[in-house]
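Number 55 in the numbering used here belongs to position 54 of the sequence shown; there are no gaps in the numbering.
Glycine is no exception: its CB is placed at the ideal position from the N, C-alpha and C atoms.
Keep in mind it's a predicted model, so treat the numbers as computed, not measured.
Okay, structure first, notes after.
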Amino acid sequence: MAYPIGILIWGIVLVVTKAELHFSQLLRGREFDLGPYNADLEIGVLPDRYPHMSAEDQKACYNVRRLLEMLRKSFHTGIYRIPPLDPYINNNFSPVTLNVPLLTGEVDVAQVIVTGLQAFNIELIEMRLDTNRSDFIFSVPLVNGVVYFQANLALGGLFPMSIKGRLRVQLQNVKVDGAVGGHENIFPPKHFYSLTALQTHFHADNVKVRLDGLNLEKDVLESLQSLGTNIALEPIKKVVNYYVAQEILKQMNRIIENFSVAQVNAYLLAR
């Protein structure tokens, strides 16, 4: 469930970290083939991955695989408190705050639309119930999506500007390899799990991006073009990496918290 939330936001990282040499053309709406991309994100401390899974762990692995295959059939409609996942549409993201040399402000991610997720492959699922840890490897042949955004920024701390537009992203042969960890929460009468740690490696064999629909005045466009290769890119990537990790946990927890610990355990250990 992690990668549908974060996969399109990675397009923002790609634009600011790999397309700087073509920044002016990108701003004018040209599509760019950025080649392969790899990234890592991490938040929190993962529980122990003990070496030998128990019989109950193995049973939970089987039942999670069975659940995911059942969900695949309902990706277009959603099922029992789980929203549709293909297309996956989400309008509930926190803003991204930027405060790096030459660029400050806020980017509001208004909407993310992702298609292609129904073709996912499960390469690994491991459940360790004693430490509330799950390890996973998922792959998807082709993912397409759009990020609608509104940015209110200041260049060099002096020149305010407002930018509204769309980021279109195509990712080929996506692979997400990672783990999540969580704990039980007791707030009577509620007793539920929540995720508190995430560690993920993201890979795409090839990525294409295009910005369009920008409402840029000529002077703003010229200013952005002149600063395109001078803006500190690594701090921006760190900010977005942390943002992605936080949003993944937040969006996943909104679903998980709909189910009690008793309900989750009953399903994981069902015969």
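Ala120 sits in a helix when the DSSP states are folded into three classes. A direct Cα-Cα distance of roughly 7 Å separates Lys191 from Ser261. Proximity of the segment 89-96 to the segment 28-40 falls short of the contact definition, fewer than three beta-carbon pairs being nearer than 8 Å. Distance between Leu215 and Gln151, taken at the CA atoms: about 10 Å. The Cβ neighbour count for Leu103, taken over all protein chains shown within 10 Å, is under 16; the residue is labelled exposed. In the three-state scheme derived from DSSP, where H, G and I count as helix and E and B as strand, Glu248 is classed as helix. Taking each of Tyr244, Gln200, Tyr243, Lys209 in turn and checking the Cα distance to Val46, the smallest one comes out for Gln200. Annotation: the continuous beta strand (DSSP E) that includes Met162 extends over 160-188. Asp213: member of the beta strand (DSSP E) spanning 191-213, first to last residue. For Val101, the enclosing beta strand (DSSP E) has its first and last residue at 97-101. C-alpha of Asn186 to C-alpha of Met162: approximately 43 Å in a straight line. Excluding residues up to 5 positions away in sequence, Ile123 lie with their Cβ nearer than 7 Å to the Cβ of Leu69 in the same chain. In the DSSP assignment, Arg66 falls within the unbroken alpha helix (DSSP H) covering 56-73. In the same chain as Glu57, and ignoring 5 residues on each side of it, the C-beta atoms closer than 7 Å to its own belong to Leu130, Leu270, in chain order.
Below 8 Å, enough C-beta pairs join the segment 142-156 and the segment 164-173 to call them touching: three or more. Look at the beta carbons and you see the segment 129-145 touching the segment 169-186: at least three pairs across the two are nearer than 8 Å.
Here Glu235 is exposed, its C-beta having fewer than 16 other C-beta atoms within 10 Å. DSSP places Ala152 inside the beta strand (DSSP E), whose first and last residues are 134-156. In this structure, Asn133 and Gly182 form a Cβ contact; the two beta carbons are roughly 6 Å apart against a cut-off of 8 Å. Looking at the DSSP output, Tyr89 bridges to Val115. About 24 Å separates the beta carbons of Val108 and Leu118, which is beyond the 8 Å limit, so they are not a contact pair.
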